[in-house]
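Numbering (mature numbering (1 follows the signal peptide of the UniProt record, and there is no 0)), first residue to last: -26 to -1, 1 to 233.
Single-structure report; data block below.
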C-alpha cells in the first residue's frame, strides 16, 4: 500500500480525483503543472491496472463505511420512532397484545416475499405465546398496492381487532395482483359495509395512517418489503423464522439484538 503514502485516490461522481502529499508543508505546496498532473495520473493508472485489488479494497471499504453510517442513522431513528412503531393505533396487532417482545413488519399486499414471510409470522405467533406482532401497511409497489392498503386501513375502522388479522391473511393470500376492488370483496366477506369502506378509504384517518407509515419507512431508510423491526434490529427481506427467533431470544436475554 505504498501508493497511499504519497497519492490518495478518491472515487467522486464517477471519476478519479487525484491528490498528492509528498511531505511538504501546505504553505509551500504549489499547484501541479499540466505535465506533473499527467505524470501522476499515469502513475496511478499504471498502478491500478497492475494492482486492481487495491481499487476493489477501496470500494469495499467505502461500502463498509456507508453501511456503518446507515446503521448508526437507523439506530437513532429507531430510538426516536419507538412509540410510533410499536404503539400507533394505525397498525394491525396480532399475537399477544401484551407480549414482552414486539415484532413490527412493514408489508405490501402485492409483495411476493411478504406472502412468503407471512408464513413465518404465523409460525412465530403460534409457537411463541409471549410474542406481539404489529403489521404496518407500506404500499411501495404501485397504485394497486396503495388502493389495497387504503381499503384495508378503512376495514380496520369497522372490523373487530381479532378479525383484522384474519382479513389481512385472506387478502395477502389472494392470488394475482391485489387492488382496491379485491380488497373490498374480501372486506365484504368479513361483514364490512362497502359504502362506508369507500368513504373511509379517502378519509383523514386512513390518510394519517399511510402518512405515518411511509414517514417511518423513510426515516428508517427501508428500501423494500417485507422489513422487520425487532427491538433495535432491522431485518430486511424474508429472512426466515430462525433469524427472527434468534433476535427475539437475544432481546429477551440481554435487552438488545446480537447479545
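Each residue gets a CB set at the ideal place from its N, CA and C atoms; glycine is no exception.
Less than 8 angstroms between the beta carbons of residue 67 and residue 106, yes or no?
yes
Sequence-distant residues of its chain with Cβ nearer than 7 angstroms to residue 225 (five each side left out):
75, 204, 205, 231
Does the beta-carbon of residue 113 have 16 or more other beta-carbons within 10 angstroms, so that it is buried, or is it exposed?
buried
Assuming residue 80 and residue 200 are in contact, meaning their beta carbons sit under 8 angstroms apart, how far apart are those beta carbons, in whole angstroms?
7 angstroms
Could you name each continuous beta strand (DSSP E) segment of 3 residues or more that falls completely within the stretch 76 to 132, going from the start of the chain to the end?
105 to 111
Collapsed DSSP secondary structure at residue 214 in the structure displayed
coil
Helix, strand or coil: which one does DSSP assign to residue 69?
strand
Roughly how many angstroms separate the alpha carbons of residue 175 and residue 121, rounded to a whole number?
8 angstroms
Taking DSSP's pairing of strands, which residues face residue 168 in a bridge?
Beta-bridge pairing links residue 168 to no other residue.
What residues in its chain sit with their C-beta under 7 angstroms from that of residue 119, if we drop five residues either side in the sequence?
82, 83, 84, 113
Given residue 248, which residues of its chain have a CB within under 7 angstroms of its CB, disregarding the five upstream and five downstream residues?
Missing from the structure shown is residue 248; the chain here goes from -26 to 233 and no further.
In the DSSP assignment, the alpha helix (DSSP H) including residue 183 goes from what residue to what residue?
178 to 193
If I follow the unbroken alpha helix (DSSP H) through residue 33, where does it start and stop?
26 to 61
Below 7 angstroms CB to CB, which residues in the same chain sit around residue 1 once its five sequence neighbours on both sides are set aside?
Only weak support is given to the placement of residue 1: the predicted model assigns it a pLDDT of 46, under 50, and the value that follows is read from those uncertain coordinates. No residues qualify anywhere along the chain.
Which of helix, strand or coil does DSSP assign to residue 202?
strand
If you follow the alpha helix (DSSP H) that residue 142 is in, where does it begin and where does it stop?
135 to 146
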